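Engineer:
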Amino acid sequence: EVQLLESGGGLVQPGGSLRLSCAASGFTFRNYGMTWVRQAPGKGLEWVALIYGDSGGTFYEDSVRGRFTISRDISTSTLYLQLNSLRAEDTAVYYCAKFGNAYAIDYWGQGILVTVAS
Amino acid sequence: QSALTQPPSASGSPGQSVTISCTGTSNDVGAAYKSVSWYQQHPRKAPKLIISEVSKRPSGVPDRFSGSRSGNTASLTVSGLQAEDEADYYCSSYRGNDIVVFGGGTKLTVL
Numbered sequence: 131e132v133q134l135l136e137s138g139g140g141l142v143q144p145g146g147s148l149r150l151s152c153a154a155s156g157f158t159f160r161n162y163g164m165t166w167v168r169q170a171p172g173k174g175l176e177w178v179a180l181i182y183g184d185s186g187g188t189f190y191e192d193s194v195r196g197r198f199t200i201s202r203d204i205s206t207s208t209l210y211l212q213l214n215s216l217r218a219e220d221t222a223v224y225y226c227a228k229f230g231n232a233y234a235i236d237y238w239g240q241g242i243l244v245t246v247a248s
Numbered sequence: 010q011s012a013l014t015q016p017p018s019a020s021g022s023p024g025q026s027v028t029i030s031c032t033g034t035s036n037d038v039g040a041a042y043k044s045v046s047w048y049q050q051h052p053r054k055a056p057k058l059i060i061s062e063v064s065k066r067p068s069g070v071p072d073r074f075s076g077s078r079s080g081n082t083a084s085l086t087v088s089g090l091q092a093e094d095e096a097d098y099y100c101s102s103y104r105g106n107d108i109v110v111f112g113g114g115t116k117l118t119v120l
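Keeping their order, the protein sequence lines are chains A and B. In terms of the working numbering, the first sequence has 147 at position 17, counting the first letter as 1, and numbering is strictly consecutive. In terms of the working numbering, the second sequence has 58 at position 49, counting the first letter as 1, and numbering is strictly consecutive.
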């Protein structure tokens, strides 16, 4: 059974940093692309970043490029999202998720809340 | 990166059919790689994949859910509406250049 368990969320001041972790299990982690998707309170889904399974290449949505970094530790099957220079508009539930075929997200974590406020 | 366009709301009575549209461009929804997906999200829950690759249903998803595409517009049809289908629905697509984009979401109400 695929499981994705996020941790590391919380309240942070504007300009601050946070690191989200996602412990993955139930599949061969290194073989699959992984992604972070966020959802601001009362708003829709927004893709944030992805990391490819084969190459480890990373790519970002325009508003987070240069501030957020997606990475992974294959030895522990853990996905990370480093969030720097946080802004109020980054406040959201952040979902860790696994890609299946054709960029379909076939498994999602339960989500972790990040609140940026003073 | 602008979102794909979905109607903010849709509704239907139990047993009826409802179709939700998702409009993009030839770089995403209309592209040859057929990477349109649909997700169902109930309140305070994580999204769930219900359609991938334009029209494929993952195991366990009822066949009341179907997907299609015409040009740059994808559609999700829910047939035989049931109370539990009331939820938010999102489309997504690969846009090329290693970018994924979502629609703004459609709130489906079962009357």
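Don't be surprised by glycine CBs; every beta carbon is placed ideally from N, CA and C. All values derive from a computational prediction rather than experimental measurement.
#1: Return the CA-CA distance between A:Tyr233 and B:Gly76, expressed in angstroms with no decimal places.
#2: Taking the C-alpha atoms as reference points, what is the distance between A:Leu141 and B:Gly24?
#3: Suppose contacts are defined by Cβ-Cβ distances below 7 Å. Is B:Val27 in contact with B:Ala83 by that definition?
#4: Can you pull out the residues from the region 187-200 of chain A whose beta carbon lies closer than 8 Å to at least one beta carbon of chain B?
#5: Between B:Asp37, B:Gln15, B:Ala12 and B:Gly21, which has its C-alpha nearest B:Val119's C-alpha?
#6: Counting Cβ pairs closer than 8 Å, one from the region 204-219 of chain A and one from the region 137-151 of chain A, do we hit at least three?
#7: Is the Cβ of A:Leu175 closer than 7 Å to any Cβ of chain B?
#8: Give me the Cα-Cα distance between A:Ala154 and B:Ser88, rounded to the nearest whole angstrom.
#9: Let me check understanding here. Comparing Cα to Cα, which of B:Asp97, B:Pro16 and B:Ser30 lies closest to B:His51?
#10: Given a cut-off of 7 Å, decide if B:Gly114 and A:Gly174 are closer than it, judged by their beta-carbon atoms.
#11: By how many angstroms is the C-alpha of B:Ala92 removed from the C-alpha of A:Asn161?
#12: If the criterion is Cβ atoms closer than 7 Å, does the pair B:Leu85 and B:Trp47 meet it?
Structural biologist: Well, looking at it:
#1: As a working mapping, residue 233 of chain A is identified with position 103 in the first sequence. As a working mapping, residue 76 of chain B is identified with position 67 in the second sequence. Computed Cα separation, rounded: 16 Å.
#2: Here residue 141 of chain A refers to the residue found at position 11 when the first sequence is read from its first residue. Here residue 24 of chain B refers to the residue found at position 15 when the second sequence is read from its first residue. Straight-line Cα distance between these residues: approximately 45 Å.
#3: Within the second sequence, residue 27 of chain B is the residue found at index 18, counting from 1. Within the second sequence, residue 83 of chain B is the residue found at index 74, counting from 1. It is not a contact, given that the beta carbons lie outside the stated cut-off.
#4: Gly187, Phe189, Glu191 and Asp192
#5: Counting from one through the second sequence, the residue named residue 119 of chain B turns up at place 110. For the residues B:Asp37, B:Gln15, B:Ala12 and B:Gly21, the minimum Cα distance to B:Val119 belongs to B:Gly21.
#6: yes
#7: As a position in the first sequence, residue 175 of chain A is number 45, starting the count at 1. It does; some Cβ of chain B falls within 7 Å.
#8: In the first sequence, counting from the first residue as 1, residue 154 of chain A sits at position 24. In the second sequence, counting from the first residue as 1, residue 88 of chain B sits at position 79. Taking the straight line from one Cα to the other gives about 35 Å.
#9: Position 42 of the second sequence holds residue 51 of chain B. Checked all of B:Asp97, B:Pro16 and B:Ser30; the closest Cα to B:His51 is B:Asp97.
#10: Along the first sequence, read from residue 1 onward, the residue named residue 174 of chain A stands at position 44. Along the second sequence, read from residue 1 onward, the residue named residue 114 of chain B stands at position 105. In this structure, B:Gly114 lies closer than 7 Å to A:Gly174 by Cβ.
#11: For the purposes of this step, residue 161 of chain A is taken as the residue at position 31 of the first sequence. For the purposes of this step, residue 92 of chain B is taken as the residue at position 83 of the second sequence. Cα-Cα distance, rounded: 38 Å.
#12: Against the second sequence, residue 85 of chain B aligns to sequence position 76. Against the second sequence, residue 47 of chain B aligns to sequence position 38. Yes.
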